[in-house]
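Worksheet: the structure to be examined is printed underneath.
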Amino acid sequence: VIFTINTDFLQLSLVAIYSVVLLSGTVSLSLMMHAMKDSPLSTTSVAVLNLIFAHFIFLCTVPFRIYYYAVETWYLSSHWCRMVSAMIHMHMYMSFALYVIILLSRLLTFYNRDTQVSSFKRIHAVMASVVVWIVVLVSVPCGILYSYGKGGTDSNGSMLSNQNTSCFKFGKYMENFKEVNYTVSALIIVVALLLTMLQANILRVLYRKYQNKSSSQQDFGAQLKSFFFALIMVICFVPYHIFRMYYLEHIDMEDINEVLLSLTTFNCLDMLTFLGRKTCYLFSPRRV
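Residues in the sequence shown are numbered consecutively from 122, following our numbering.
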């Protein structure tokens, strides 16, 4: 069975989704930066800062997506089209990697109470972040310009050509990368569900320990935030990657894939999970 989406409805839906993501994501990042400016540096906060930077880079490309789906024509260069198209995937995979780091950090904190090497970890977290972003910001643009959206062939074996007036239509170029996509999608699904179950088990253990006093315990609150964070990862990424494994064999469903891909960008709101009560304090009048 082949599902199709009305073109006008598709364009309107994508404009609405990306507009909401751009607005709410910008507000979320602004609040988080305000809340973190006086926070002590830790391994988790370093990962959060990296996540904020990943969201910021992606949000800078969202206006181009809104522009394209609003006018239905791409007037800019094909190189920039590939760059903007790839950014949503880079954002998703970088976000997922950082989610895993943050959740593993919280899991290790729960199971290993020894904090003697915490300062050592902070230094290495900062150094690793700088190295990773240098590699990403250099290698990704080069890879996009020289290989992303190129090299595809049609059913007759002829090279596929780019259309200057359309953008984000690169499903036909995935034929040579099916195995990689299957592996990545399966890995994301398994890891996301596993980490969520582990985080839920920690909450169960802590609740049995504190009972009705759980809400006033700092460690329970921290792990609860991590659980909501894991849920964001599952809700935003797992449905898309489940569909993606089907989509790899049904490239004609590219429109549906584009809508589901756009829904993954709601993870830009994950910063609100970390804010908690601080969000209310930001908007409440200061007391003398």
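Note that beta-carbon positions come from the ideal geometry of N, C-alpha and C, so glycine has one too.
Item to check | Ile178 versus Lys334: straight-line alpha-carbon distance, rounded | outcome: The C-alpha of Ile178 lies about 41 Å from the C-alpha of Lys334.
Checklist entry - Grouping DSSP H, G and I as helix and E and B as strand, with all else coil, what is Leu314? => result It is helical.
Next on the checklist: Taking 8 Å as the cut-off, does the region 248-267 touch the region 180-187 (at least 3 CB pairs, one atom from each stretch)?
Outcome noted: No, the region 180-187 does not touch the region 248-267.
Next on the checklist: Within 8 Å, do at least three Cβ pairs link the region 132-151 to the region 350-364?
Outcome noted: Inter-segment contact for the region 350-364 and the region 132-151 is absent: fewer than three beta-carbon pairs are separated by less than 8 Å.
Checklist entry - Would you call His245 buried or exposed, if buried means 16 or more other Cβ atoms sit within 10 Å of its Cβ? => result So His245 ends up on the exposed side.
Checklist entry - In the structure shown, what three-state DSSP assignment does Thr194 receive? => result Reduced to three states, the DSSP call for Thr194 is coil.
Checklist entry - Do the CB positions of Val141 and Leu180 come within less than 9 Å of each other? => result The Cβ atoms of Val141 and Leu180 do not sit closer than 9 Å to each other.
Checklist entry - How would you call His155, buried or exposed, if buried means at least 16 neighbouring beta carbons within 10 angstroms? => result So His155 ends up on the exposed side.
Item to check | Nearest candidate by alpha-carbon position, reference Arg384, set Trp195, Ile209, Leu224 | outcome: Here residue 384 is Leu; the residue named in the question, Arg, does not match the sequence. Of all alpha-carbon atoms in Trp195, Ile209, Leu224, the one lying nearest the alpha-carbon of Leu384 is that of Ile209.
Item to check | Cβ neighbours of Phe348 in the same chain (closer than 7 Å, five flanking residues each side left out) | outcome: So the list reads Gln320, Ala321, Leu324, once near-sequence residues are dropped.
Next on the checklist: Quick check on DSSP: helix, strand or coil for His371?
Outcome noted: Three-state DSSP puts His371 in coil, outside helix and strand.
Next on the checklist: When you compare the CB positions of Asn302 and Arg365, do they come within less than 9 Å of one another, or not?
Outcome noted: Yes, Cβ-Cβ distance for Asn302 and Arg365 is below 9 Å.
Checklist entry - Tell me which same chain residues have a C-beta within less than 7 Å of the C-beta of Leu390, skipping the five on either side of it? => result Excluding residues up to 5 positions away in sequence, Ser145, Gly146, Ser149 lie with their Cβ nearer than 7 Å to the Cβ of Leu390 in the same chain.
Checklist entry - Can you tell me whether DSSP reads Asn378 as helix, strand or coil? => result Note: Asn378 maps to helix in three-state DSSP.
Item to check | Per-residue DSSP class, three states only, for Lys293 | outcome: It is helical.
Item to check | Bounding residues of the alpha helix (DSSP H) (the contiguous stretch that carries Asp129) | outcome: Counting along the chain, the alpha helix (DSSP H) containing Asp129 begins and ends at 128-157.
Checklist entry - Who are the Cβ neighbours of Leu219 in its own chain at under 6 Å, not counting the five residues just before and after it? => result Cβ neighbours of Leu219 beyond the five flanking positions: Ala168, Asn171, Leu172.
Checklist entry - Does the beta-carbon distance from Leu135 to Tyr196 come in below 9 Å? => result Contact flag unset, no.
Next on the checklist: Can you tell me whether Leu412 is helix, strand or coil according to DSSP?
Outcome noted: The shown model of the chain, from 122 to 409, leaves out residue 412, and the question about it has no answer.
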